[in-house]
Structure formats: structure tokens, C-alpha cells
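The opening residue of the first sequence carries number 30 in our numbering; numbering runs sequentially from there. Beta carbons are placed, not taken as given, at the ideal position from N, Cα and C, and that holds for glycine. Bear in mind the structure is a predicted one, so any value in this text is a computation, not a measurement. Working notes for the structure below.
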Amino acid sequence: DPRKTLGREELVRRIIDYVAGAQSTIRAQIRAMGSSCDWSRERYTMDAALSRCVTAVFSRMFRDGLIYRGPRIVNWDPALQTTVSDDEIDHVEREAKFYTMRYGPFLVGTSRPETKLGDTAVAVHPEDPRWQAYIGQTIAVPWPKGPTITVKVVADAEFVDPETGTGALGVTPGHSQVDFEIARKHSLPLIQVIGEDGRMTEAAGPYAGMTVLECREAFVRDLQEAGLMARIETYTQPISICHRSKQPIEPLPKAQWFIDVNKPAVPWRGKLLSLKQVMKSVVESGEIRIVPDHEEKKYYHWIDNLRDWCISRQIWWGHRIPAWYRGPEEFYVGHRPPQGEGWVQDPDTLDTWFSSALWTWSTLVDPKRAADPQLDLKQILAASPDFQRFHPTSVMETGWDILFFWVARMILMTTYVTGQVPFRVVYLHGMVLDKDGEKMSKTKPETSIDPLDVIREDGADPLRLAMVLSSSAGRDTRLSKEQITACKRLVNKIWNAAKLVERSLAAAPATEGTPAQAVHPVNRWMLMRLKTLITTANNRLSGYAFNDAAEHIRASFWGEFCDFYLEAIKLESLKQLGETAAVLQHAFDCYLRLFHPFIPFVTEQVWQELRRPGYLIRAAWPEIEAAHDWPAEVEGVDAVVRLLTEIRRIRSEKEIPPNAKVDVLIQPRQHAPIFAACREIISRLARTTEPVIENAPQSSATALRNAVVAVDAAFTVAVSLSQADLAVERTRLARQLETEQQRLARLEQKLKDERFLQQARPEFIQSTKAEAAKIGATIASLRERLDSLA
RNA sequence: GGGCGAUUAGCUCAGAUGGUUAGAGCGCCUGCCUUACAAGCAGGAGGCCAGUGGUUCAAGUCCACUAUCGCCCACCA
30 DPRKTLGREE LVRRIIDYVA GAQSTIRAQI RAMGSSCDWS RERYTMDAAL SRCVTAVFSR
90 MFRDGLIYRG PRIVNWDPAL QTTVSDDEID HVEREAKFYT MRYGPFLVGT SRPETKLGDT
150 AVAVHPEDPR WQAYIGQTIA VPWPKGPTIT VKVVADAEFV DPETGTGALG VTPGHSQVDF
210 EIARKHSLPL IQVIGEDGRM TEAAGPYAGM TVLECREAFV RDLQEAGLMA RIETYTQPIS
270 ICHRSKQPIE PLPKAQWFID VNKPAVPWRG KLLSLKQVMK SVVESGEIRI VPDHEEKKYY
330 HWIDNLRDWC ISRQIWWGHR IPAWYRGPEE FYVGHRPPQG EGWVQDPDTL DTWFSSALWT
390 WSTLVDPKRA ADPQLDLKQI LAASPDFQRF HPTSVMETGW DILFFWVARM ILMTTYVTGQ
450 VPFRVVYLHG MVLDKDGEKM SKTKPETSID PLDVIREDGA DPLRLAMVLS SSAGRDTRLS
510 KEQITACKRL VNKIWNAAKL VERSLAAAPA TEGTPAQAVH PVNRWMLMRL KTLITTANNR
570 LSGYAFNDAA EHIRASFWGE FCDFYLEAIK LESLKQLGET AAVLQHAFDC YLRLFHPFIP
630 FVTEQVWQEL RRPGYLIRAA WPEIEAAHDW PAEVEGVDAV VRLLTEIRRI RSEKEIPPNA
690 KVDVLIQPRQ HAPIFAACRE IISRLARTTE PVIENAPQSS ATALRNAVVA VDAAFTVAVS
750 LSQADLAVER TRLARQLETE QQRLARLEQK LKDERFLQQA RPEFIQSTKA EAAKIGATIA
810 SLRERLDSLA
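Structural data, given as C-alpha cells:
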């Protein structure tokens with residue numbers, strides 16, 4: 030026990046040393062992750078200014094009657110020798126014995142016979158006919174080897190269910206939460222038979238000095254010998270264990286400091302509310318939004334079940350309770366001890382969440398003002414520029430596991446102290462789990478990953494991106510090696526694309542005009558795709574769907590920019606257009622800006638190497654350009670992309686050697702000028718000879734005899750083959766015809782349906798009609814080709 | 001006992017305000033070292049969206065119930 034060997038001062042000194050080391054580790058991790066923090070405003074809850082806030086709040090709550098000291102059943106951890114809060118307790122189930130013993134005229138059940146030595150009452154239901162005669166009596170119960178206890182028989186309809194157990198409940202006010210409540214209600218005495226050391230007290234008579242388990246064994250044996258044990262059964266017992274020590278909690282009566290959550294003492298929006306009511310009201314009213322929504326329900330449920338908050342801890346590290354005593358009578362609460370000799374400070378410290386609960390504003394107080402003993406809290410806040418400017422916080426980001434510990438307590442404290450909400454939005458991220466689905470935790474180092482290790486191995490960018498991509502609000506995520514590897518590939522892709530962009534820009538003529546003046550359909554298409562992307566990314570980001578935003582950016586960059594646009598502009602004639610250089614630069618700039626929050630290091634490096642102005646981290650987020658408005662080019666080039674896929678598919682299926690060029694005949698049904706403008710692109714990307722584009726179908730069926738044909742809504746394309754397998758093609762086209770006919774049938778059915786025509790949105794009916802017409806045209810082409818193959 | 005969530009491709013997961021043929025990464029199959037990138041490129045296979053009912057012109061998406069799994073809370077007679 031370091032408290033015994035070191036003493037208070039030395040222990041605290043060592044903890045301070047430990048904290049210094051931990052702080053520098055955490056700082057290094059945050060920096061290595063690329064978090065952009067204002068390091069000049071780094072704060073620690075034990076800083077002088079923050080400590081001043083802690084004692085000031087304590088004093089004020091005490092004055093307002095919201096903090097009181099009183100005996101309560103607390104969750105005592107005999108292993109750690111301290112109380113723990115309700116929220117620091119885990120519930121586990123285990124096999125245990127359940128004892129039913131004779132108890133005067135009653136049979137009472139318990140899983141903890143040793144506590145019965147401290148019983149002061151038996152509670153029964155007031156309408157239970159079995160016990161009517163005894164209600165109100167006081168009965169002496171002599172235990173076989175002592176002591177003799179006197180129990181009062183009380184009737185209670187609230188706590189006693191006549192159907193449960195024997196219908197008679199032995200009341201142990203000193204060692205049971207409920208029994209303590211019953212005792213308070215019926216003014217029963219309290220006998221403490223278990224001490225803080227986990228051993229029986231003098232009140233336990235002959236059992237004094239035994240541990241709880243020793244006493245249980247001995248007492249049960251004595252009861253059995255005396256014939257007082259009716260039965261012993263085995264059952265599954267829910268028990269409370271301390272989250273930190275994993276040892277069973279011993280409920281004990283102790284004088285502790287509490288915050289009263291039910292007393293109406295907080296002026297809020299014109300009413301006097303309890304802390305509970307304020308906490309509930311600010312979320313219900315929408316002043317605070319919790320993301321994801323369903324966490325709000327858990328928050329309400331927690332508040333509904335909330336009891337007074339025990340804030341004192343019997344540990345030495347933390348903010349010491351600002352209460353001083355002199356003798357048994359004198360008592361003072363304040364930041365400093367009162368004048369005079371002999372004042373002793375309360376040895377207990379405050380629950381760590383007490384100071385953390387002040388975080389959104391205690392970090393913003395001006396340290397100089399906080400050091401001025403003349404000022405009270407209100408004056409300190411009024412004179413703190415950061416508080417005036419930055420409070421409330423816009424978005425509070427933390428894990429869902431501390432919604433109750435921290436978020437709820439910040440709401441409680443901040444509304445009470447400042448009259449403001451602490452933040453507008455709470456974004457709760459999920460837990461990062463290890464590969465076995467275990468939550469990573471400080472107390473379980475074997476489950477934890479040190480970001481510095483991952484960063485050394487794979488880099489900070491892939492780690493960040495993997496974490497963002499694999500998690501949505503409130504949902505846990507397993508951090509996998511595969512995810513990080515996939516992200517590494519994206520980062521690498523950006524780097525390689527940058528090399529190509531740099532080379533292309535160096536080889537291109539000077540950029541001409543603005544992107545908005547671009548004419549070539551491929552350039553216009555790129556700008557339109559970007560515009561759609563920025564719009565989507567903005568929507569997703571403002572909806573806190575960070576993973577979704579990142580995914581859209583990734584898909585557009587890789588699938589549209591790299592796979593199509595960069596390939597397309599390798600074509601000399603396109604590359605040499607002055608507008609292309611302008612569009613290329615603009616587009617790549619946009620992607621870098623969009624990627625930067627997710628991939629800060631590589632994008633910044635690329636930005637510098639391309640000699641873009643200033644720092645990317647300070648560059649503006651891309652704008653949605655209203656002038657970029659060419660819907661026809663988007664549809665047309667999309668059709669060209671599909672055309673490329675069709676030709677490549679035919680090549681692949683027919684096993685045409687990659688370097689062999691094929692002859693193609695294209696019959697556009699729409700966007701003919703765009704197909705024409707993309708002639709060279711088609712030729713290059715699909716490896717064809719000069720494509721023949723027929724605006725009006727001229728080629729006879731026989732000319733297409735040795736060809737494979739693909740039919741799309743926007744075009745029909747024929748790829749010449751020396752030996753086309755007509756049977757295979759017929760089968761494929763017939764299958765396509767069938768699916769297209771089914772789709773058309775579905776749409777036509779809809780369009781015939783009166784209810785659809787009356788009730789669907791007009792725009793949707795329009796687009797359904799347009800779709801049906803397109804499919805109709807596709808079907809006509811398919812039939813034509815099938816006929817010619819017949 | 002009370003509350004909250006999950007169930008979508010072989011695996012890990014996205015699918016905002018209901019809308020026409022449901023997506024990604026990894027894995028798998030085929031072919032390519034094409035002068036940014038083989039950590040890549042091109043093509044492909046693979047899903048009655050857990051089940052049943054309902055609301056709706058229209059359901060992976062909304063509602064009810066069921067099944068399975070997970071988490072949180074709970075006054076351990």
C-alpha cells in the first residue's frame with residue numbers, strides 16, 4: 030500500500046512525476062496523428078486556474094444547498110479503500126448460494142447471511158395476511174452464538190413484494206442500499222457490522238474480526254447446528270464489482286459529500302429547476318443536439334434513474350475537498366482555510382469528473398483573473414476574453430462510453446454555473462475495438478494499440494483515414510490491418526497522381542482562362558463531377574457523416590479523376606489545350622483540399638512540391654461553382670465511359686490480345702457531338718483503330734456480320750472480329766433483351782397505374798416516362814441486332 | 001427486470017430526407033510489368049438486404065411482432 034509506505038506528500042509528488050511523463054507521451058501522440066490544435070491553450074484540470082474554478086463551484090453549490098454531507102450507503106471498495114461512484118461499477122453474474130433462515134417467526138432469504146447480524150427490522154407487505162399479527166411489534170432475535178438483535182416488524186407496500194421469496198424481508202440498513210432507504214423511511218436504527226477493512230466489527234459479537242467470507246461460513250454453520258437454516262439453494266447472483274479493482278463492492282454507511290440532483294435550485298429560462306430537470310430540458314429543447322440521435326434516449330433514461338451524485342473519494346490524488354474542520358463542531362467551506370489556528374482540511378478528494386465537468390469553460394478562464402482572490406466566479410468569467418469569445422463550444426466530440434461520466438456532468442455544471450449550455454452539438458464516436466472485439470482501454474494495455482507504432486509502420490495518414498472510414502457516429506469499429514493497408518494504397522495513389530499531374534502541367538502550355546471557360550466535354554465533365562462531389566461532401570460533413578464524406582472523395586478521386594480523366598488527358602491533342610491545364614490544376618487542387626482533413630501530411634507535402642501558394646492547411650475549402658453547369662456533357666461523357674467498358678468487356682471476353690487494335694462502329698442515339706469529340710479518347714483508352722461514328726445508322730446488317738455488338742441506352746457499338754461467335758452473342762443479347770423488357774414492363778405497369786399517376790411526385794412520373802422511353806429505344810436496337818443475326 | 005442497438009456479397013462494413021438496375025475495401029476468377037502508380041491497370045463472378053405481417057403508387061430504408069447476437073442501466077429477498 031503506497032499510502033502507508035510513502036505518505037500523502039510523497040505519493041502525490043510521485044504521481045505528479047508520472048503525470049508529466051504521461052503528458053509528454055500524449056502530446057507526442059496527438060502531434061504525430063497530425064491533430065491541428067492551438068497548443069498555446071493547452072490546459073490541465075490540475076492547473077491553478079482550473080483548480081480555483083473547482084473550489085469556487087464547490088463553495089457556490091454548497092451555499093445553494095446543492096452540495097451536502099451526509100451518511101449514505103456508498104459503494105465501498107475494500108481493496109482500493111475508497112468509495113466509487115455508481116457509474117464506476119460493473120455488474121457481473123455468478124453462481125452463489127441463497128440461504129433461507131429462520132428469523133423469529135419469519136423465514137427470510139439472503140445471499141449474504143453475515144449481514145443479518147446487523148438487521149434492525151423485518152419488512153412485510155401491509156396486506157399480507159400471514160404477518161398481520163406481527164406488524165408494529167419489536168422482536169428479539171438471539172443468534173445461536175450471539176449477538177441478539179432486536180428487529181421491528183414494519184409494513185411497507187413500496188419495497189416489499191409479497192410474492193417474492195418468503196414475503197418477509199430482513200432489513201439491514203448498514204449494508205444494503207434499499208434497506209437503508211427503508212430504514213430512513215421508517216426511522217429505523219442502523220448497525221454497522223462490516224468495517225472498511227472488510228472485516229466484521231465489534232457489533233458482530235463473536236464474529237468480530239473475521240473477514241466477510243469467514244464470518245459467512247461460521248455463521249451459516251452455527252445456524253445449521255441450531256436448526257435455524259431452512260434451506261440453501263444455488264442461484265445466479267448479480268453482483269457489483271469495482272470497474273478498476275474488479276473486486277466486489279461492499280455497501281457501507283459513510284459520511285460522504287453529495288450533489289443533490291433533485292433540489293429545485295437552478296434558475297433556468299425563467300424557472301427554478303433541479304439539476305436533473307435542466308439536464309433534461311436542454312436536450313429536449315434542442316439547445317443541445319446529441320449525434321447519433323439514439324444516444325439521446327439513453328441520456329434521458331440515465332437521468333430518469335439518476336440518484337444524488339457522491340462526489341467524495343478516499344484517495345489522495347485529485348482536487349481536495351475545500352472544507353475545513355476545527356474540532357467536532359466548527360466547519361467551513363471555501364477556497365482557503367479561514368483565519369485562525371487548528372483548521373484541518375477534509376482528507377478526501379473530489380471525483381475526477383467534478384473538475385472535468387467544468388472543462389468547457391474552466392479552460393477558458395483568464396489565469397490572471399482566476400488568481401485574484403477578490404473576484405468571484407461570475408466576475409472571473411466576465412473578465413475572461415476567451416470565455417466571452419469561445420463559449421459555448423460548437424461541437425463536443427467524445428466517445429459514447431463517457432456520455433454519462435462526462436457529457437452529462439458538463440451539461441449539469443455548465444448550465445448551473447454559467448447559465449449557458451456547454452456546447453451545441455455532442456458528436457459521440459464509437460469505440461475502437463481490437464481484432465477480437467475488445468474495447469481498447471487504459472486499464473487493459475494488452476488490448477491497446479499505440480498510434481506511434483502504427484504510424485512508424487504505416488504512416489499517420491493511413492491510420493487517420495482508416496479510423497475515419499471505418500466508423501460512423503456511435504458505432505464501434507474494429508481497427509484492422511486490412512483497413513490501414515487499403516488506406517495506405519490511397520495515400521500512395523495520391524502521391525503517384527501528383528507526379529503525373531506535375532509532369533503534365535510542365536509539358537502543357539500555359540494555362541488559359543478560368544476552368545469555367547472550358548469547352549471540351551471531358552474537361553466540363555471533370556468540373557461537373559467535382560461540383561457534385563463537393564456538394565455531397567459538404568452535405569455529409571454537415572451531417573457529421575465523416576466516413577461517408579471521405580468515402581465519396583476517395584471514390585471520385587480514384588474512379589473518376591485517376592481512372593478516367595488523367596488517362597484521357599494523356600492524349601496529346603487534349604493535353605495541349607490551354608484549358609486542360611487550367612482544369613487539371615483546378616481539379617487536383619480541389620481533391621487535395623478535400624482530402625486534407627483526412628490525409629494532412631501527404632497532401633500538404635504534395636501541395637508544397639507542386640509549388641501551390643502558401644500552406645494547404647490554411648487553404649480554403651473548395652467552392653461550389655455555379656458557373657460549372659453542363660449537364661449534357663456529364664451524361665454524354667458518362668455514356669463514353671460506359672462505351673469504353675463495353676468495348677473492353679468484349680475484348681476481354683473474346684480474348685483479344687491487349688496490344689491488338691480493334692475496329693469499332695459506334696451508333697450514338699444521344700450525345701452524338703460528344704462521342705465525336707471523344708473519338709481519340711475512345712481510340713486510345715479502348716485500343717481501337719479510328720472509330721467510325723454514324724450519326725444515322727448506315728451500315729447494313731451484313732457489314733456487321735463479323736462483329737460483336739453491345740447495346741446501351743445511349744449508343745450501339747459494334748466491335749469487328751475476324752470470327753465472331755454468333756451463337757454466343759445471340760444468347761447474350763437475348764438475355765439482355767429479356768431483362769430490359771422486364772424493366773420496361775415494370776415501368777409501364779406503373780405508368781398505367783392510376784394511383785401512381787395521381788399520387789407520385791410529378792417529377793418522378795416524368796423521369797419514369799423518360800426512363801421507359803430510353804429502355805424502349807434500347808430494346809428496339811437489341812431486336813434489330815437479333816433479327817440480323819437470325 | 002428496464003433501456004438502447006445490430007442482422008446487407010466469402011470477411012469487415014457504408015447505404016441522409018422512402019423512388020427506377022443495392023455499393024466499397026479486402027478476398028476470389030481472367031488477362032496485362034500500357035512511359036504516375038503491379039501498393040497498379042482492365043474485365044468478371046458473388047446479395048429473395050434475418051423472418052413474418054403492415055403502411056405506401058413505391059420499402060434495405062417507415063411501423064408492429066418474432067428469432068439470433070451485442071451493449072448499457074438495475075434496490076445482489
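Around the Cβ of N104, are there at least 16 other Cβ atoms within 10 angstroms (buried) or fewer (exposed)? That one is buried.
Unbroken alpha helix (DSSP H) runs of length 4 or more, entirely within the region 562-621: which are they? 575-584 and 601-604
W659 to W554 span [Cα, whole Å]: 8 Å
Leaving out five residues before and five after T718 in sequence, what residues of the same chain have Cβ atoms less than 8 Å from its Cβ? K690, V691, D692, V693 and S712
Cβ contact check for the region 111-131 and the region 256-267: 3 or more pairs under 8 Å: yes
Tell whether a beta-carbon distance below 8 Å holds between A668 and A739. no
DSSP state of S64, grouped into three classes? coil
Is it buried or exposed for N576, if we count other Cβ within 10 angstroms and need 16 for buried? buried
Rounded distance between the beta-carbons of I628 and I523, thought under 8 Å: 7 Å
Assuming T427 and L457 are in contact, meaning their beta carbons sit under 8 Å apart, how far apart are those beta carbons, in whole angstroms? For a cut-off of 8 Å, the C-beta gap from T427 to L457 is around 7 Å, short enough to register as a contact.
What do you reckon, are the CB atoms on I164 and F188 nearer than 8 Å? no
I believe D375 touches I350 by the beta-carbon criterion, under 8 Å. Please report the beta-carbon distance rounded to the nearest angstrom. 4 Å
Go ahead and label S413 buried or exposed: buried means 16 or more other beta carbons lie within 10 angstroms of its beta carbon, across all protein chains shown. buried
Report yes if the CB atom of F209 is closer than 8 Å to the CB atom of P202, and no otherwise. yes
Which residue's Cα is closest to the Cα of V450: M308, Y644, A579 and A656? M308
Can you give me the C-alpha to C-alpha distance between E511 and M496, rounded to a whole angstrom? Rounded to the nearest angstrom, the gap between the Cα atoms of E511 and M496 is 12 Å.
Closest residue to G665 among N552, R677, I679 and V635 (Cα-Cα distance): N552
Go ahead and label E486 buried or exposed: buried means 16 or more other beta carbons lie within 10 angstroms of its beta carbon, across all protein chains shown. exposed
Under the three-state reduction of DSSP, which class applies to W524: helix, strand or coil? Helix, per DSSP.
Span separating the alpha-carbon of T444 from that of I332: 15 Å
So, under 8 Å CB-CB, G503 and E324 are touching, yes? Tell me the CB distance rounded to an integer number of Å. Their Cβ separation, rounded to whole angstroms, is 6 Å, which keeps G503 and E324 in contact under 8 Å.
Using the three-state DSSP reduction, which class does K803 fall into: helix, strand or coil? helix
Quick check on the burial criterion: 16 or more other C-beta atoms within 10 angstroms. Buried or exposed for K326? exposed
Have a look at the DSSP bridge pairing and note the partners of C82. C82 is not bridged to any residue.
Straight-line Cα distance separating S205 from I168: 21 Å
Would you tell me roughly how many angstroms separate the C-alpha atoms of N291 and V311, rounded to the nearest one? Going by the C-alpha atoms only, they are around 16 Å apart.
Taking C-beta to C-beta, are E662 and P491 nearer than 8 Å? Contact check for E662 against P491 fails: the beta carbons are separated by 8 Å or more.
So within the region 337-404, which uninterrupted alpha helix (DSSP H) runs reach at least 4 residues, ignoring any that extend past its ends? 381-385, 388-391 and 396-399
For a quick check, are the C-beta atoms of L773 and I808 less than 8 Å apart? yes
What did DSSP end up calling N334 once you bin it into helix, strand or coil? coil
Starting from C271, follow its DSSP beta bridges and name the residues at the other end. DSSP lists I118 as partners of C271.
Spell out the partners DSSP gives E426 in its beta bridges. Its beta-bridge partners are Y456.
Once you ignore the five residues that flank L750 on each side, which residues in its own chain have a CB closer than 7 Å to its CB? K683, N735, A736 and V737
Tell me whether the beta-carbon of L623 lies closer than 8 Å to the beta-carbon of A566. yes
Cβ-Cβ separation, E777 to A801 (assumed contact under 8 Å), whole Å: 6 Å
So, with DSSP's three-state summary, where would you put G227? coil
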